[in-house]
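The UniProt record's numbering applies: residue 1 is where the sequence shown begins, and numbers increase by one. Just so you know, even glycine gets a beta-carbon here, dropped at the ideal spot from N, CA and C. As the structure is a computational prediction, the values presented were derived from the model and not from experiment.
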Amino acid sequence: MLPALTKQHSVNATVLAYLDELKNQGFAGDIETSYGARLAVATDNSVYQVLPQAVLHPKNTADLVLIGRLGQKQAYTAIQFSPRGGGTGTNGQALTSGVVVDLSRHMNRVLEINIEQGWARVQTGVIKDQLNDALRPYGYFFSPELSTSNRATIGGMINTDASGQGSLAYGKTSDHVLGLTAVLVDGSVLETEKVAASQIDALSNKEGLAGGAVATTAQVCRDKRQQILDKFPPLNRFLTGYDLKHVFNDDLSEFDLTRILCGSEGSLAFLTEAKLNITPIPKVRTLINVKYDSFDSALRNAPVMVAASALSVETIDSKVLNLAQQDMVWHTVKDLLTDVPGKEMLGINIVEFAGQDKAEIDAKVASLCQTLDALIADESAGVIGYQLTDDLASIGKIYGMRKKAVGLLGAAKGAAKPVAFTEDTCVPPENLADFIGEFRTLLDSHQLAYGMFGHVDAGVLHVRPALDLCDPEQERLMQTISDQVVALVAKYGGLMWGEHGKGFRSEYGPEFFGDELFTELRRIKASFDPHNRLNPGKICTPLGSEAALVKVSDKKRGAFDRQIPVQTRDSFRAAMECNGNGLCFNYDSASPMCPSLKISWDRRQSPKGRAGLVREWLRQLSEQGVDILAIEQKLMDKTPSMLTLVSKVKNSLLKSKQYDFSHEVMDAMQGCLACKACASQCPIKVDVPSFRARFIQLYHTRYLRPAKDHLVANIETLLPIMGAMPRLVNLATQPKIAQIATKALVGYVDTPKLSVPTLKQQLKDEHASRFDLQWLEALSENERQDYMLIVQDPFTTYYDADVVADFVQLAKSLNKKPLVVPFKPNGKAQHIKGFLRRFAKTAQSASDFLNRLATLNIPMVGVDPALVLCYRDEYNEVLGDKRGDFVVQTAHEWLLDVLNDSNAYAPRSDQNPWYLLAHCTEKTKLPNAEKEWGQIFTHFGACLQSVPVGCCGMAGTFGHEADKFEASKQVYQLSWQPRLEELPKDRVMVTGYSCRSQVKRFEKVKVQHPVQVLAKLLRKD
């Protein structure tokens, strides 16, 4: 039995008093002080971990003003704040031991779009892709690009002056910010924009800190103008933080305080709104993927691409390419990056040309292709081939793979993981190859593996050495390498931080700025934040302050993780290896990952949040000497004693009176829909349903399970009994009074209706119903070739029997002899609810049966993808080698095999499309499924269109639980409801049973499975 985990790191009394007063004075946003909420923002996409005192989620600028003004009271002047956006920083920029102010949850609206004047005004919590989705109908986009564009906020981009692919043409974020609304630490408000220098005096008279900040910034940037110009190298990137160079224009006639805030990492002010210039979307785009025999060749050849007037030149090394090939993302690009016969592709340059004039772009492309052909023939530059594409979808796929490269590096096998701390060095492009050569020698001297990718056109390369930061020696090595790289960057005339900001690398600021200019930075910091309360320690400290800068050597996540035994870390790898890349924060509602985050914007309700909570849970248990693996083994070996049951009753009665951190973890796990999207969509493969099931089982060693869990665990045993008398069961469960009683007594809503007639009744006269294993075993190998076996799943068979019956008819139409295999429980519901001992028995029983069937060499097929994939995923997880080698195919996998043996049909006269909404587990575990369904329909002369949707919100029994109903509905409303409102319902197909059930619940229509449509189409023939 697990112990209760008592409260750790309580919020200090001063902060609690401040928060109480903040609420009483009308703060409209959310205030969070729970340990779990604070843990969720204690990490970002860096290696650091800093626990804050509290988290504030303001709703508007007035909330920020109140935060500042109240904080000026003498009692609260010691409280420090750190603004936070998407949490995608790689250097700990938004981490603080003070109060996190997260603007992403509520302040995320696009406020105004002015196409005539070419700008948009947004709240700073808006995500970059969200803004571009709003601009796309007008033919515009916000051009600074970055790999985290689907979860990075505009405020975060401004605060790190983000840039990436295409920056030679489009510049950095600061080049596109026309004005800002900034709230200073005292609550005073600054509205910044470019003004005539003659207005500086008037602006300097503003109340509070705002006026002094204007005056000091103007004085520093004017008086030190020549030193600033002399100091900073003429690179495409700028030293992130306090852009002294661009506050004034060349002749000092214009003044723009906006530039000092861009790149300031939240150390000067809270940014609440931004006015941004927007760029016309290129009408013509062509991508050339150039392949090389070595990464060095790719680097040295890059200037040729830049000279060809390309929009951008991105590079990727062989390590990242190999990782991509092992990920589902490779399915989308493998035809665009084919192998060169007889050559090994060890690096690529992705070269894009884009513009408004097709003839101009075509000429540039033709010229570069001519150059590349000559280089291939010459064999001296390492170019071994290239491929062109001007298809927008294909271009998007290539960049999707490139964007995922960041996360893929974190998926490297072994304890050592590529770490972001020297990853955005910037040197003049002509020095890049030599710089990287010496960089490689440095890393090789430490015998480290590493991956490289980046923007060679700007001289920025992302280099991530692989370190095991749970090893104190390796942690110290990180500091050594960091110091060595600083010296190397200086040698080649570059910058240590080209685009990802300073954060915990701020200690190197004085070295790059020099004492004189660094003192001026401190002077500016003092004018905005005299008492060092905004993101203290980042970039610089106020002049006159003795506070220290944060350091590369400060406490990291590995220091906490190493407290967990190695065996436990290895066993819970699916949680431990989360590197914080935040792809699970994806804004796109049509992306399957992660539905619970999308409806709540609570970071705990995400794979990253849940992984962090489980890591801390394991750490606390280890701290108490609990051997979690031994407890698990005991649970699998024998049933709990009566004494344990008594203890559970006692603990459950005291549950509301006794704090236990496990309750916070459980709350986060209960919000998970177990859709499995994270297990494949996350580049690190953070598999929440896997460790969620283990946690739930362990949690219930101390606390009783709710009755509804037992119902779910037994549903597959009950369904055959209920299915034998469906009318009677429906009569008992469907009336309103019965539904009310079920909700009150069991906690379930919308009990589905059993199929009438049953599958058995529908197949009564069919050969398909007469399954006889001994008879099948007696058939010859040739005789068996005409057969196929339909493996039943509980929900389709008993609640949607028409699908199975229609599948039988489809198989017969294809000249196959279908046989419906006797029903055997699958157990997926048991796994979801953490009944792992029972699930293991169910899985073993089903595996033994299916392995016996597999000896027949007859295809076994299931119609519900989630249940079929359970045989491959969860069964392998719980049984290992005991699972055996049986294969159950999905319907579309089997149909693809059948197509190889049959002639294609002529196109049908009715070419109106059928619309496919695929199950989220199917889409993520089988990334080609939708495309393959399209091939199947084309083969039979029909037209299919895939509809991009995320999770439907039903997720097995999740949507039937009364306390989850609203969440289920909200998830459905994200992408399914809007798409279905646009489509003719009689042409809609849905592969998942739970998805069809959800559509029926909210749309009051019964949609079809693709096999049903195909059965009808072939029946007409």
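Residue nearest to I113 within the set Q123, H106, R105 is Q123 (criterion: CA-CA distance). Fully contained in the segment 28-58 are the following beta strand (DSSP E) runs of length 3 or more, in chain order: 30-32, 54-57.
Scanning R38, L549, P58 for the CA closest to the CA of Q49 turns up R38. Between K985 and E966 the beta-carbon gap is near 24 Å, outside 8 Å, which marks them as no contact. The continuous beta strand (DSSP E) containing L944 extends over residues 944-946. A distance below 8 Å between beta-carbons, with the five flanking residues on each side excluded, links S264 to the following residues of its chain, in chain order: N159, G241, Y242, I539. Within the segment 451-493, the runs of alpha helix (DSSP H) that reach at least 4 residues and sit entirely inside it are, in chain order, 472-491. By the neighbour-count criterion, in which a residue is buried when 16 or more other Cβ atoms sit within 10 angstroms of its Cβ, V649 is exposed. In this structure, the alpha-carbon of R987 lies about 42 Å from that of L276. The beta carbon of T6 sits closer than 8 Å to those of Y659, D660, F661, all from its chain and outside the five residues before and after it, given in chain order.
For the set H106, Y699, G85, A381, the Cα lying nearest the Cα of S149 is the one of G85.
Boundaries of the alpha helix (DSSP H) harbouring S596: 595-600, taken from the DSSP string. Membership of T217 in any beta strand (DSSP E) is not indicated; the residue belongs instead to the alpha helix (DSSP H) covering 209-223.
Residue ranges of uninterrupted beta strand (DSSP E) with 3 or more members, entirely inside the segment 248-278 and ordered along the chain, are 270-277. The criterion of a C-beta distance shorter than 8 Å is satisfied by L180 and L271. Distances from the alpha-carbon of Y18 to those of L51, A78, V47, A42 put A78 closest.
The Cβ atoms of K882 and Q830 do not sit closer than 8 Å to each other. Under the three-state reduction of DSSP output, L983 falls in the coil class, being neither helix nor strand. When rounded, the separation of the alpha-carbon atoms in V729 and F958 is 22 Å.
Taking all protein chains in view, the Cβ of G396 is surrounded by fewer than 16 other Cβ atoms within 10 Å, so the residue is classified as exposed. Collapsing the DSSP output to three states places I564 in coil.
Close CB contacts of L853 within its chain, under the 8 Å cut and outside five residues either way in sequence, are with L773, L789, V821, M860, F886 (chain order). According to the DSSP assignment, Y699 belongs to the alpha helix (DSSP H) that extends over 688-699. Taking 8 Å as the cut-off, the Cβ atoms of A202 and L261 do not count as close.
In the same chain as P565, and ignoring 5 residues on each side of it, the C-beta atoms closer than 7 Å to its own belong to S622, in chain order. Here S34 has E664 as same chain residues with Cβ atoms under 8 Å from its own Cβ, once five neighbours each way along the sequence are excluded. Counting other Cβ atoms within 10 Å of its Cβ, E781 stays below 16 and is therefore classed as exposed. Minimum Cα-Cα distance from Q633 among the listed residues R694, A866, V688 corresponds to R694.
For a cut-off of 8 Å, the C-beta gap from S163 to E577 is around 29 Å, too long to register as a contact. Bounds of any beta strand (DSSP E) do not take in D63; it lies within the alpha helix (DSSP H) bounded by 61-71.
When only Cα atoms are considered, D468 and G407 end up about 17 Å apart. Looking only at P3, A846, L1014, the smallest Cα-Cα distance to V808 is reached by L1014.
Rounded to the nearest whole angstrom, the C-alpha separation of F585 and I696 is 24 Å. When DSSP states are grouped into helix, strand and coil, M1 belongs to the coil group.
Here DSSP, grouped into helix, strand and coil, assigns C426 to strand.
For V665, the enclosing alpha helix (DSSP H) covers residues 661-670.
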